[in-house]
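In our numbering, the protein residues as written are 25 to 423.
Presented below is the structure to which this report refers.
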């Protein structure tokens, strides 16, 4: 199906979709990149083929995030998913360190903090590396059917005990993170893929893993404006397509709700104050910080109320769609609010599928891009020495 898509005309008129169909487009589910059910690595999170096909064909969910498999398998898998879908899918992956981070037989770069270490000695070289890292990641992603990069991480990792961000960040200062994250985004923008700045409004200064429980960031508004927000402002200024929320509590902005579920954070801060017009997407809603405290169906409703356009990995896709539709029928969420989110999703899909005509140019330039000396230098084992030094000298893992 990917090869037959001719542009935004492949997208139906959103006003012709029922409420249920519109809401389903706001849901992104997780799936294995492997081709067969017996290869599934995480059965609690990755559905078997029949269930996944039901979600795509019958429910009409709008996107899939893939984990696992080889690049070759994922190329086949992504076409299978697109063929099942009634509306072209956004297919995402957490490929902050290149496609090879999640899928074998592709380029796997050292963690972003290694590039930050280069910046301490050669700022221009680090920016070049980050730009080419973004470009190669986007190019290889497109080659296997992935059109949405869940990256870069724009958190400022200034807490050495951080168990969840750590070397995923470009550095320990707002300036370095802003500079290198925007370089990554600009590199990826050479190709028709979506980029994502995460985890808003900043997950760097915590010693708690939000996969397990809810972290708290206790800082003042002035400190947050000085350290946490600038990289997101830089990413927005560079044209990042999406911002992913963080599952953490920041009392200075909202004493009651975590950022993912906070209207004060997502709508008043991100949308209105910072002027972000792209997709607001949640982090995975199955994570402990949300799933352990809020109901499986209530959390997605609260996220949409707060301002999220896309809910990622809800515990139950069917339950989520039903719960959001019920919230609309009860007046908690307006129909126009749903329509605005789906319109943003349509704009993102039009960007991705409307530029597939450039695929020939991408392929013709692939050998030159993938074999440039700086890319090879960055992805070679020698670069891992930098990572080892970072881990040994400045990071405390697991403690």
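The beta carbon of each residue, even a glycine, is placed where N, CA and C say it ideally should be.
Cβ neighbours of residue i in the same chain (closer than 7 Å, five flanking residues each side left out)
i: residue 70; result: 54, 55, 56 and 64
i: residue 58; result: 64, 92, 93 and 97
i: residue 310; result: 69, 337 and 339
i: residue 288; result: 277 and 278
i: residue 308; result: 336 and 337
i: residue 230; result: 183, 186, 239, 241 and 272
i: residue 73; result: 61
i: residue 319; result: none
Cβ-Cβ separation, residue j to residue i (assumed contact under 8 Å), whole Å
i: residue 331; j: residue 306; result: With a Cβ gap of about 10 Å, residue 331 and residue 306 do not count as contacting.
i: residue 183; j: residue 193; result: About 10 Å separates the two Cβ atoms, so there is no contact after all.
i: residue 265; j: residue 218; result: 4 Å
i: residue 90; j: residue 115; result: 6 Å
i: residue 195; j: residue 157; result: Between residue 157 and residue 195 the Cβ distance is about 14 Å, and since that is not below 8 Å, they are no contact.
C-alpha distance - residue i paired with residue j, whole-angstrom precision
i: residue 42; j: residue 251; result: 43 Å
i: residue 130; j: residue 155; result: 18 Å
i: residue 208; j: residue 375; result: 19 Å
i: residue 106; j: residue 86; result: 11 Å
i: residue 240; j: residue 202; result: 23 Å
i: residue 373; j: residue 191; result: 31 Å
i: residue 325; j: residue 315; result: 13 Å
i: residue 384; j: residue 222; result: In this prediction, residue 384 scores a pLDDT of 35, lower than 50, which makes its location untrustworthy; the coordinate-derived value is nonetheless stated afterwards. Spanning the two alpha carbons is a distance of roughly 31 Å.
i: residue 215; j: residue 262; result: 15 Å
i: residue 363; j: residue 370; result: 10 Å
i: residue 205; j: residue 296; result: 22 Å
i: residue 101; j: residue 152; result: 32 Å
i: residue 159; j: residue 117; result: 15 Å
i: residue 132; j: residue 237; result: 30 Å
i: residue 361; j: residue 51; result: 15 Å
i: residue 342; j: residue 79; result: 8 Å
i: residue 46; j: residue 145; result: 50 Å
i: residue 468; j: residue 177; result: Residue numbering for the chain in the displayed model covers 25 to 423; residue 468 lies beyond these limits and cannot be assessed.
i: residue 67; j: residue 60; result: 12 Å
i: residue 198; j: residue 134; result: 20 Å
i: residue 141; j: residue 228; result: 17 Å
i: residue 344; j: residue 35; result: 23 Å
i: residue 313; j: residue 128; result: 30 Å
i: residue 356; j: residue 349; result: 10 Å
i: residue 437; j: residue 139; result: Given that the chain is displayed from residue 25 to residue 423, the structure contains no residue 437 and the question cannot be resolved.
Selected residue, minimal CA-CA separation from residue i, among the options
i: residue 286; options: 298, 273 and 297; result: 273
i: residue 365; options: 354, 343, 268 and 328; result: 328
i: residue 275; options: 264, 295 and 243; result: 243
i: residue 37; options: 192, 378 and 367; result: 367
i: residue 173; options: 124, 46 and 344; result: 124
i: residue 351; options: 35, 34 and 44; result: 44
i: residue 333; options: 34, 48 and 40; result: 48
i: residue 2; options: 168, 341 and 75; result: Only positions 25 to 423 of the chain appear in the structure, and residue 2 is not among them; the question remains open.
i: residue 210; options: 230, 245, 258 and 40; result: 258
i: residue 113; options: 271, 341, 60 and 81; result: 81
i: residue 161; options: 88, 270, 95 and 281; result: 95
i: residue 317; options: 282, 345 and 335; result: 282
i: residue 126; options: 138, 141, 175 and 74; result: 175
i: residue 171; options: 312, 88 and 196; result: 88
i: residue 269; options: 196, 349 and 179; result: 179
Residue i, buried or exposed, once every other Cβ within 10 Å from all chains shown has been counted against 16
i: residue 212; result: buried
i: residue 120; result: buried
i: residue 188; result: buried
i: residue 279; result: exposed
i: residue 354; result: exposed
i: residue 40; result: exposed
i: residue 246; result: exposed
i: residue 391; result: The predicted model places residue 391 with a pLDDT of 41, which falls under 50 and marks its position as unreliable, so this point remains unresolved.
i: residue 425; result: Within the shown structure, residues of the chain are numbered from 25 to 423, placing residue 425 beyond reach of any answer.
i: residue 395; result: Any reading at residue 395 is ruled out, since the residue's pLDDT is 42, under 50, leaving its predicted position unreliable.
Proximal residues to residue i (C-beta, below 6 Å), its chain only, five neighbours per side dropped
i: residue 143; result: 150 and 200
i: residue 110; result: 84
i: residue 108; result: 77, 80 and 81
Close beta carbons around residue i, own chain, < 8 Å, minus the five adjacent residues each side
i: residue 267; result: 220, 221, 222, 224, 256, 259, 260, 294, 300, 302, 303, 304 and 305
i: residue 298; result: 253, 256, 257 and 260
i: residue 347; result: 321, 322, 324 and 325
i: residue 248; result: 225, 226, 241, 274, 276 and 277
i: residue 122; result: 130, 131, 132, 133, 157, 160, 161, 164 and 403
CB contact check: residue i to chain C, cutoff 8 Å
i: residue 55; result: Absent from the structure is chain C; it holds one protein chain and no more.
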